[in-house]
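Colleague: If you scroll down you'll find the structure; I have some questions about it.
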Amino acid sequence: MTATTGFRWLVVPEADMPEPSRELVGGKAWSLWRMRSLGLRVPPAFVVTTKACAAYFEGDDLPEGLAGELTAGIRHLEDQLGRTFGGTERPLLVSVRSGAAISMPGMMDTILDLGCNDEVERALAAESGDPEFAAEVHRRFTGFYGRLVLGCTEDLEDLPDTAAVRAAIAEDVGEAVPADPWEQLRAAVAAVFRSSRSRRAMAYRKHYGMPEDLGTAVTIQAMVFGNLDDDSGTGVLFSRNPVDGTREPYGEYLPRGQGEDVVSGRVTPKPLAHLAQRWPRVHAELLAAAECLDREGRDAQDIEFTVQRGELFLLQSRPAKRTARAAVRIAVELVDEGVLDPAEALTRVTAEQVRTLLRPEIAPGAAEGAKLLASGVGASPGVASGVVVDTPEAAQAHPGCVLVRKSTSPDDVHGMIAAAAVVTEQGGATSHAAVVSRALDTPCVVGCGAGTVDALVGRTVTVDATAGRVYAGELATSAVDEREDPDLRRLTAWAEAASPVQVRPDGAVEPVFDGDQAGVGEALPVIPAGTKTVRGAVFCAPDGVQAALDAGVEVILTAHQLPVLLAAIAHHRRTS
Amino acid sequence: MLDPYELTVHSLTLRQLGTAEQLADITGQDVAEVEAGLEKAVAAGFVMAARGSYLITPAGREHLDGVYPRAFEGLRADPQVTAAMEAFETGVNKQVLALTTDWQTIEVDGARVTNDHGDADYDAKIIDKLGRVHEKTAKVLRPLADADPLVDRFLDRIGTALTRAEGGETDYVSGVRVDSVHTVWFQMHEHILRLTGRERPE
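Quick note, the sequences are listed as chains A and B, same order.
Counting in our numbering, the first sequence runs from 1239 upward without gaps.
Counting in our numbering, the second sequence runs from 251 upward without gaps.
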């Protein structure tokens, strides 16, 4: 295809061009291509190929001819948009992003607003009539470039203006952001190439057995601005509801906003209905696009879009983040729609998600009239009842108790493993107690205030860590029964058919090994050779399931089948 | 400085219930040296043995409380150490805790829910940031590391956990049952709090 365009190092989308390979253009560009070929409008872009990356490492410099092709690529964008790169009127700014065939950590992600300098800022201010917008674009570009190209490690995001960002970069790395947009572009492309050989990217590839010299492509795409005028804005759209998984588009729109404004949470966007009112045509186009991407992606999509002067642009579409409830609903729904087969649906739901759904809750009405003893921040959700102890040693001696501490430290981890719930006087959602409890999936309420230890010790309490409350006595709880929830029941039936091990509530095959009797420790208990059945809390968690499978057991006994089945299937998939 | 025996007892405040091998891994001592120290400490009533693992006793803690001010007198009087500790508490320590929380939970429609690690880009960004904070931590803690060799050992172990996490073993971010970034970070935090005689800030 490069022959048709005359480029050696670039791929520039042309009408009727066949789809490029992911290996050549990287995953991100490939998905842009996909959107474009579906007839959806994406900002114009071109790609520097992975072949150029390989050549860069061979010659230790941008390969011969690439600089000229970059100029031609940019001219192509300029022609389509009627803008000029580095221009003093209607300037063109671009994003530069890495894109290997497989996304991996440690590689440079994205530089936005490249092509900015003092003159371009003035031109942007004149064009938009909004000097603040132009200054913000310049400040942010400077930060991106400083961090990603020049390797500045200081925090640049919170600095007030471009001058401050420049000063911080100069102080840290002793280099300046070049004013020449072409120099910016060439340096950014080289930096993306180099990032594919970062220590982290290399470690990742080694672990997954990927070729060490796997390079990256570089996508260069025209920026669109949602904050230009009243006819502009930005938003996100989910093709299905991310909270409960129902099949209805769901989204937010921020008039006069830029993409990051929505994600950052600095401002409150409006519901999508606002867009429907203001721009019914754009809204309809957006919904049609969401439908199309959902079908093509075979999964719920999270779509970023920008409206610039009344024209819709799609920026990204990827599988949507979802709650545990939504993950289950979407997986089953996709089977019903004929998109997935049951085996594939099982890969869309994790053991952890199902465990989340099966967490007990305080039974309806049970908390009414119960005495509230303490309240704080719910740091790891769930409900548990038990006797309160105040030392990790006592917690170890009484598994299933509630450990209450002023705050927790590494000294307490043992007690936290043994306890059914953890409560602290001090600390917030990022405290040690919160982090460790989440890692253990133990209900935890933090920050209940001074005196909580003394007030609770020795009492039987119920910790409602979803609401952040501690009640006197043992309150009734109710749990979702996986056999009564239709979606979970269907997933369970599919999982039983696919599982490498039997998972059931009873019916042990001798000899049996009981993990709960093996002592509570930080490490997994060693399963005796020849064990046919395992039981105990430790074998309900993924690492325990993994250990059981590796030890060749035939049966895992547990009250909740589905999370264990899913963990077993996932482990089997990884190892076979 | 702590002598080898004191170091062994001290290591039990960083990792409660440890085997001699696990404690030696924390301090970098020979296992034989740790075993000898543990034996002596058990006889003194500072440490209890439980099925091959060891645990510090209240008497052991009291003993250490008497040892620290002498052992770390010089270090505690060093204004550079004090400043470094201040920078650690208000800066990188807060960042690591916030990043660990971001790792464990993810925002869906304004609510934080358990991160099911289905979004590779999201996870990669967090591991990337953890890497940068780790690099910065080595700079911030330099005055402490110059005064106490164990600090560098902790930084190395955090780096090892990070490399494993970067290599796809994601349990090495905040897993409790392995020497994850968070587990080792907290051991290090506890260690430097004891060095400097400060209270845990929360």
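The beta-carbon is built from N, C-alpha and C at its ideal position, and this holds for glycine as well.
#1: Run down chain B in chain order and give the residues with a C-beta less than 9 angstroms from the C-beta of SER1341/A.
#2: Starting from the Cα of GLY409/B, find the closest Cα among PRO399/B, SER430/B, PRO393/B and ASP396/B and give me that residue.
#3: Would ARG1834/A and ASP1540/A qualify as a contact pair, given that the criterion is a beta-carbon distance under 7 angstroms?
#4: Taking SER1433/A as part of the alpha helix (DSSP H), name the residues at either end of that continuous run.
#5: Quick one: is THR1313/A buried, meaning 16 or more other Cβ sit within 10 Å of its Cβ, or exposed?
#6: Locate the alpha helix (DSSP H) running through VAL331/B, then write down its first and last residues.
#7: Can THR1380/A and VAL1358/A be called in contact, C-beta distance under 7 angstroms?
#8: For the region 385-419 of chain B, list every residue whose C-beta sits within 8 angstroms of some C-beta in chain A, in sequence order.
#9: With C-beta atoms as the reference, is ALA1527/A less than 7 angstroms away from HIS1521/A?
#10: For VAL363/B and LEU1525/A, what's the separation of their Cα atoms in angstroms?
#11: Just the C-alpha distance for ASP1532/A and GLU440/B, rounded to the nearest angstrom, thanks.
#12: ARG444/B to ARG265/B, Cα distance in whole Å?
#13: Out of curiosity, what's the CA-to-CA distance linking PHE404/B and LEU1713/A?
#14: Return the CA-CA distance between LEU394/B and ARG448/B, expressed in angstroms with no decimal places.
#15: Do you know offhand how far THR1242/A's Cα is from LEU380/B's?
#16: Check the Cβ-Cβ distances between ASP1649/A and every residue of chain B, and say whether any is below 7 angstroms.
#17: Please confirm whether ALA1693/A has its beta-carbon closer than 7 angstroms to some beta-carbon of chain B.
#18: What residues are listed by DSSP as bridge partners for PRO1493/A?
#19: In the DSSP assignment, find the unbroken beta strand (DSSP E) run with ASP1540/A in it and report its ends.
#20: Check whether the region 1644-1656 of chain A and the region 326-338 of chain B are in contact - that is, three or more C-beta pairs closer than 8 angstroms.
#21: Establish whether the CB of ARG1274/A and some CB of chain B are separated by less than 7 angstroms.
#22: Please list the partners that TYR1446/A has in chain B, where partner means a Cβ-to-Cβ separation under 7 angstroms.
#23: Taking only three categories from DSSP, how would you classify GLU357/B?
#24: Output yes if chain B places a C-beta closer than 7 angstroms to the C-beta of ARG1328/A; else output no.
#25: Could you spell out where the alpha helix (DSSP H) holding CYS1291/A opens and where it closes?
#26: Using the rule of at least 16 other Cβ atoms within 10 Å of the residue's Cβ for burial, across every protein chain shown, is GLY1384/A buried or exposed?
#27: To the nearest angstrom, how far is it from the Cα of ALA1703/A to the Cα of LYS1559/A?
#28: Are the region 1255-1265 of chain A and the region 1426-1436 of chain A touching, with three or more C-beta to C-beta distances below 8 angstroms?
#29: For a contact meaning CB atoms closer than 9 angstroms, what does ILE356/B contact in chain A?
#30: May I ask which residues mark the beginning and end of the beta strand (DSSP E) holding PHE1751/A?
#31: Three-state secondary structure (DSSP) at GLN345/B?
#32: Buried or exposed for MET251/B, please, with buried defined as at least 16 other CB atoms from any protein chain shown within 10 angstroms of its CB.
#33: Do you know offhand how far GLU1257/A's Cα is from GLY1337/A's?
#34: Hey, ARG1260/A and ALA1339/A: beta-carbon distance below 7 angstroms or not?
#35: Would VAL1764/A be called buried (16 or more neighbouring beta carbons within 10 Å of its own) or exposed?
#36: Within this structure, are the beta carbons of ALA192/B and VAL434/B separated by less than 7 angstroms?
Modeller: Let's see:
#1: ALA370, ASP371 and ALA374
#2: SER430/B
#3: Here chain A covers residues 1239 to 1814 and nothing more, so residue 1834/A does not appear.
#4: 1419-1433
#5: The sequence given here places Arg at residue 1313/A; Thr does not occur at that position. ARG1313/A is exposed by the Cβ-count criterion.
#6: 329-340
#7: no
#8: GLU385, LYS386, THR413, GLU416, GLY417, GLY418 and GLU419
#9: no
#10: 27 angstroms
#11: 49 angstroms
#12: 14 angstroms
#13: 44 angstroms
#14: 14 angstroms
#15: For THR1242/A, the predicted model reports a pLDDT of 46, less than 50, meaning its position is unreliable and no value from the coordinates is stated.
#16: yes
#17: no
#18: GLY1471/A
#19: 1539-1546
#20: no
#21: no
#22: GLY418
#23: strand
#24: no
#25: 1288-1297
#26: buried
#27: 23 angstroms
#28: no
#29: LYS1559
#30: 1750-1752
#31: helix
#32: exposed
#33: 16 angstroms
#34: yes
#35: exposed
#36: Since the first residue of chain B shown is 251 and the last is 452, residue 192/B is not available in this structure.
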